[in-house]
Amino acid sequence: MLKAVKFRLYPKPDQETFLWRQWGAVRFVWNKALWLKQRFYKRSGTNLSVIHELKPLIARAKKSKKYAWLKESDSVALQESLRHLDKAFTRFFKKEAGFPKWKSRRAEQSSYHCTTVSVGDGWVRVPKIGKIKAVTHRVVEGKVKSITLSADATGAYYASVLYEDGLPEAEPVQAVYEDEVVGIDLGLKDLVIESNGHKEPNPKHMKRAAKNLCRKAKAFSRTKKGSRRHEKARKHLAKAHKRVSNARSDSLHKISKRLIDENQAVCAESLKIKNMVQNCHLAKAIHDAGWGKLCIMLAYKAKRAGKRFEQIGTFYPSSKTCSVCGHKLEELSLSTRSWTCPNCGTHHDRDLNAARCIRLEGIRKMKAAGQSVLKHTA
Ligand SMILES: [Zn+2]
1 MLKAVKFRLY
11 PKPDQETFLW
21 RQWGAVRFVW
31 NKALWLKQRF
41 YKRSGTNLSV
51 IHELKPLIAR
61 AKKSKKYAWL
71 KESDSVALQE
81 SLRHLDKAFT
91 RFFKKEAGFP
101 KWKSRRAEQS
111 SYHCTTVSVG
121 DGWVRVPKIG
131 KIKAVTHRVV
141 EGKVKSITLS
151 ADATGAYYAS
161 VLYEDGLPEA
171 EPVQAVYEDE
181 VVGIDLGLKD
191 LVIESNGHKE
201 PNPKHMKRAA
211 KNLCRKAKAF
221 SRTKKGSRRH
231 EKARKHLAKA
241 HKRVSNARSD
251 SLHKISKRLI
261 DENQAVCAES
271 LKIKNMVQNC
281 HLAKAIHDAG
291 WGKLCIMLAY
301 KAKRAGKRFE
311 QIGTFYPSSK
321 TCSVCGHKLE
331 ELSLSTRSWT
341 CPNCGTHHDR
351 DLNAARCIRL
361 EGIRKMKAAG
371 QSVLKHTA
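With the first letter of the sequence shown counted as 1, position 290 gets the number 290 in the working numbering; the numbers rise by one all the way through.
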């Protein structure tokens, strides 16, 4: 099974210099290719292929005098940079993402390495740099596939290690029992509403930290660009943001772990957040709640445990359908928190009913896909 782990790195000063040079080369290749692509498109309307036309230029550049310094970097890292750019363009053309952005030395840095990489007790090794001191809080047993070296905006260094542990993947559950299937509705007041009535309150990390973030952002904007105080204020702000995102990840990990531990299958609505979020305040709140992140965690945790994470279509009217008799309302305004079914007379809490509908639709989908779903636990 493929596993991922992230270690904090403490490079020596000369390794630090080397890392920044490496990231500089990765950025240079990305930005140059992006520039070439735009220029050729503007001039003659030709759409250069990143992989077939631009990637081979790396080798040619290395032979030239001007760009010979590229030879000092791990060539895999440079090629991977363009593979990422190609993917960024694919997503852009599919309208899944915006136009690829220039890479800046002030943002997060990263480089990918996959040949002659290894991890040991207290170190990781990558080509051209050698062993870098690392806090290896977990033993990496098995074959190391790749190591991505990165620095975040606070200036901390990391190695993300991907390895094959040699153990077989968890057997998928054979029969799912209906009483071990849960449906979840994602919300803002409560982050998760389960079909069994349990609710997870939304911790609203960003909102809680807003005052502090705002103060640090103001302090940052008051400093002069290029000054030492500017750099210091930038790091303070980045650290505050990082604390928020760490706290958010922490609570999402806990919630997703509990949901997968307690159930054989978890059903949720698939999210098209981009289409859903028109309002900027709502967008911030949804980002802070971490719906997208939660679904990603549920998906891989379910797979790892051999359980099911079922996502149902965006167009399924989970809020407007009665979870008891299946009657569908014509309309239900967003502000209506509870309603009574005109067909069977059941009184519904809006969110709880939605979670129950999502569960039923999930069960229907699993059955349709050939998964046996049994009535009760034997
Ligand atoms: Zn009804």
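Glycine included, each C-beta is placed from N, C-alpha and C at the ideal position. Keep in mind it's a predicted model, so treat the numbers as computed, not measured.
Asked, Found
"Helix, strand or coil: how does DSSP classify C357 here?", "helix"
"Beta-carbon within less than 7 Å of R138's beta-carbon, same chain only, minus the 5 sequence neighbours each way: which residues are those?", "V5"
"Kindly give me the distance between the Cβ atoms of V266 and A289, rounded to whole angstroms, as I take these residues to be in contact under 8 Å.", "With a Cβ gap of about 17 Å, V266 and A289 do not count as contacting."
"Select from L334, M1, S335 and N343 the residue whose C-alpha is nearest the C-alpha of V140.", "M1"
"If we call anything under 8 Å between Cβ atoms a contact, is A88 one with A97?", "yes"
"Are C322 and C344 touching if we call contact CB-CB under 8 Å?", "yes"
"Is T336 near ligand 1, in the sense that its beta carbon is under 7 Å from a heavy atom of that ligand?", "no"
"Measure the alpha-carbon distance for D185 versus S318 and round it to whole angstroms.", "9 Å"
"Since P201 is in the beta strand (DSSP E), which residue starts that stretch and which ends it?", "K199 to P201"
"Hey, out of N246, D190 and V124, whose CA is closest to Y158's CA?", "V124"
"Over the uninterrupted beta strand (DSSP E) stretch that includes T336, give me the two end residues.", "Unbroken run through T336: none, as it is neither H nor E."
"Using 10 angstroms around the beta-carbon of V135, count the other beta-carbons present and answer buried if the total reaches 16, otherwise exposed.", "exposed"
"Establish whether the CB of A134 and some CB of chain D are separated by less than 8 Å.", "Absent here is chain D; the protein component of the structure consists of one chain."
"Taking one C-beta from the segment 185-199 and one from the segment 208-219 each time, how about it: are there three or more such pairs within less than 8 Å?", "no"
"Please report how far the alpha carbon of S333 lies from the alpha carbon of E361, in whole angstroms.", "22 Å"
"Say the cut is 7 Å; is the CB of H137 nearer than that to a heavy atom of ligand 1?", "no"
"Touching or not, the segment 8-20 and the segment 142-157, by the rule of three or more beta carbon pairs under 8 Å?", "yes"
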